[in-house]
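Enquirer: Residues -22 to -1, 1 to 95 in mature numbering (1 follows the signal peptide of the UniProt record, and there is no 0) are what the sequence shown lists, from first letter to last. Backbone N, C-alpha and C fix where the C-beta goes; we use that ideal spot for every residue, glycine too. As the structure is a computational prediction, the values presented were derived from the model and not from experiment. Pasting a structure below so you can have a look.
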Amino acid sequence: MKFALITAVLFSSIGLVNVANAASVDKGLALVEKGNCASCHGAGLNAPILPIYPKLAGQYPDYLYYALKAYKVGGGNPQYGRNNAIMGALVQGYSDADMQDIAAYIASLPGNFVIRK
């Protein structure tokens, strides 16, 4: 009985942690608009103004979050950081939660990525 109670409490607390850390698409939208991401990544973040800028819409949220963190670290860490002055400056003011919100919003957008067979 005691084991069942401990197990139930443990699993219910795991659910609470996930809810507390759940990313907000609405907050992500506000941050994307504030950062004016469409000025480079285009309409719907899926039509970059130049071919050197990536299409973002529809990417996996984990990939997007990792990329934002790498820009925040910068090129000083060649194993993890990304070296881009514009993106590096934009993400410096974002918390981890902000970057998760941004990633959740961008991942929710329709994209045209195709997996080739």
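Considering only the alpha carbon of each residue, which of G71, L23, A85 lies closest to Y41?
Expert: Checked all of G71, L23, A85; the closest Cα to Y41 is A85.
Enquirer: Helix or strand or just coil, what does DSSP make of V51?
Expert: Three-state result, V51: helix.
Enquirer: Quick check on DSSP: helix, strand or coil for Q57?
Expert: Reduced to three states, the DSSP call for Q57 is coil.
Enquirer: So G71 and K33 are supposed to be a Cβ contact under 8 Å. How far apart are they, rounded?
Expert: In fact, because the Cβ distance is near 24 Å, the residues do not count as touching under 8 Å.
Enquirer: Tell me which residue opens and which closes the alpha helix (DSSP H) that V69 is part of.
Expert: 63 to 69 is the span of the alpha helix (DSSP H), which, as asked, contains V69.
Enquirer: Answer yes if the segment 2 to 14 comes into contact with the segment 56 to 65, meaning at least three C-beta pairs across the two stretches below 8 Å, and no otherwise.
Expert: Output reads no: the segment 2 to 14 does not touch the segment 56 to 65.
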